[in-house]
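**Q** What follows is a structure written as structure tokens; I'll ask about it next.
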Amino acid sequence: MLSMSTYPQDYIDSCRRLVDSQLASYRALVAGTGEPGGDRAGLDAAVADFEPRLLNSMVLVLDQLFVHRARGKEGKDGNPLNEVRVLCRSILENDGVMVADKSINLSPATSVLEHTVGDRIGLTPSDFALLSGAYFAEIERRFAEPS
Numbered sequence: 003m004l005s006m007s008t009y010p011q012d013y014i015d016s017c018r019r020l021v022d023s024q025l026a027s028y029r030a031l032v033a034g035t036g037e038p039g040g041d042r043a044g045l046d047a048a049v050a051d052f053e054p055r056l057l058n059s060m061v062l063v064l065d066q067l068f069v070h071r072a073r074g075k076e077g078k079d080g081n082p083l084n085e086v087r088v089l090c091r092s093i094l095e096n097d098g099v100m101v102a103d104k105s106i107n108l109s110p111a112t113s114v115l116e117h118t119v120g121d122r123i124g125l126t127p128s129d130f131a132l133l134s135g136a137y138f139a140e141i142e143r144r145f146a147e148p149s
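In structure tokens form, the structure reads like this:
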């Protein structure tokens, strides 16, 4: 497939709704799991283990939704699209430990999540909400088809 230089706003909105609904569903699940007489401590430990795995996977989903975006239009200035790209590479190729990408000028001080090389990546719901919000805003700014 050729690279994409624009995306229809309807597609961007649909992707945003998908991601937001997944996060809302997870939050509802966690909020509704405290049953009387249940093993809350065991459940809390299971959620604590599952949460970063789910949210790291959702970072991969973000990238995949716009996988054919034109690299030249994405830029290499450390924007949220670059950050997601580096996070994905780190998750997939470096066992969830942040790596540097020599072709992208990603600075922890100006990035959304402020990860430094060597940090273990384990997003929280708040982290993911910040990252996905910034990611979609950047997709719209750089790739939305003119109205």
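Residue 71 in this note's numbering sits at position 69 of the sequence shown; the count goes up by one each step and never skips. Note that the Cβ used here is the ideal one computed from N, Cα and C, for glycine as well. This structure is a prediction, so every number in the text was calculated from the model and none was measured.
1. Which one or two residues does DSSP pair with R122 in a beta bridge?
2. Would you list the one or two residues that DSSP bridges to Y9?
3. Spatial neighbours of L94 within its chain, please: CB distance less than 8 Å, with the 5 preceding and 5 following residues excluded, ordered by chain position.
4. Taking the alpha helix (DSSP H) that G74 falls in, what are its first and last residues?
5. Taking a contact to mean a Cβ-Cβ separation below 8 Å, would you say L71 touches F145 in this structure?
6. Kindly indicate which residue of G77, R18 and D103 has the alpha-carbon position closest to the one of L89.
7. Is the distance from the Cβ of R64 to the Cβ of N84 below 8 Å?
8. Measure how close the beta-carbons of V1 and L125 come, nearest whole angstrom, since I'm counting them as under 8 Å.
9. Could you give the distance in angstroms between the alpha-carbon of P54 and the alpha-carbon of G98?
10. Rounded to whole angstroms, what's the CA-CA distance from P127 to L25? Just pull it up for me.
11. Exposed or buried, which one is P148 when buried takes at least 16 other CB atoms within 10 Å?
12. Determine the direct distance from the alpha carbon of A33 to that of E142, and round the result to whole angstroms.
13. Determine, for V99, whether the minimum Cβ-Cβ distance to residues of chain D falls below 8 Å.
14. Confirm, please, whether the CB-CB distance from N58 to I106 is below 8 Å.
**A** With the structure as the only source:
1. Against the sequence shown, residue 122 aligns to sequence position 120. For R122, DSSP records a beta bridge to V99.
2. Here the question's residue 9 lines up with position 7 in the sequence shown. Y9 pairs with A146.
3. Taking the first residue of the sequence shown as position 1, residue 94 is located at position 92. Only L62 meet the Cβ criterion.
4. Taking the first residue of the sequence shown as 1, we reach residue 74 at position 72. G74 -> alpha helix (DSSP H) spans R73 to E76.
5. Within the sequence shown, residue 71 is the residue found at index 69, counting from 1. Within the sequence shown, residue 145 is the residue found at index 143, counting from 1. Checking the displayed sequence, the identity of residue 71 turns out to be Arg instead of Leu. Contact: yes.
6. To locate residue 89, count along the sequence shown from 1; it is residue 87. Comparing Cα positions, the closest option is D103.
7. Position 62 of the sequence shown, counted from the start, is the residue given in the question as residue 64. Position 82 of the sequence shown, counted from the start, is the residue given in the question as residue 84. Before going further, note that residue 64 is Leu rather than Arg in the sequence given. In this structure, L64 sits away from N84, with a CB-CB distance that is not shorter than 8 Å.
8. The structure shown does not extend to residue 1, since the chain is modelled only from 3 to 149, so the question has no answer here.
9. Here residue 54 is taken as the residue at index 52 of the sequence shown, counted from 1. Here residue 98 is taken as the residue at index 96 of the sequence shown, counted from 1. Looking at the two C-alpha atoms, the distance is approximately 10 Å.
10. Here residue 127 corresponds to residue number 125 of the sequence shown, with the count starting at 1. Here residue 25 corresponds to residue number 23 of the sequence shown, with the count starting at 1. Just so you know, the alpha carbons of P127 and L25 end up roughly 7 Å apart.
11. Here residue 148 refers to the residue found at position 146 when the sequence shown is read from its first residue. Exposed is the call here.
12. Counting from one through the sequence shown, the residue named residue 142 turns up at place 140. Counting from one through the sequence shown, the residue named residue 33 turns up at place 31. A33 has its alpha-carbon roughly 32 Å from the corresponding atom of E142.
13. Absent here is chain D; the protein component of the structure consists of one chain.
14. Numbered from 1 along the sequence shown, position 104 holds the residue referred to as residue 106. Numbered from 1 along the sequence shown, position 56 holds the residue referred to as residue 58. Using a Cβ distance threshold of 8 Å, I106 and N58 do not count as a contacting pair.
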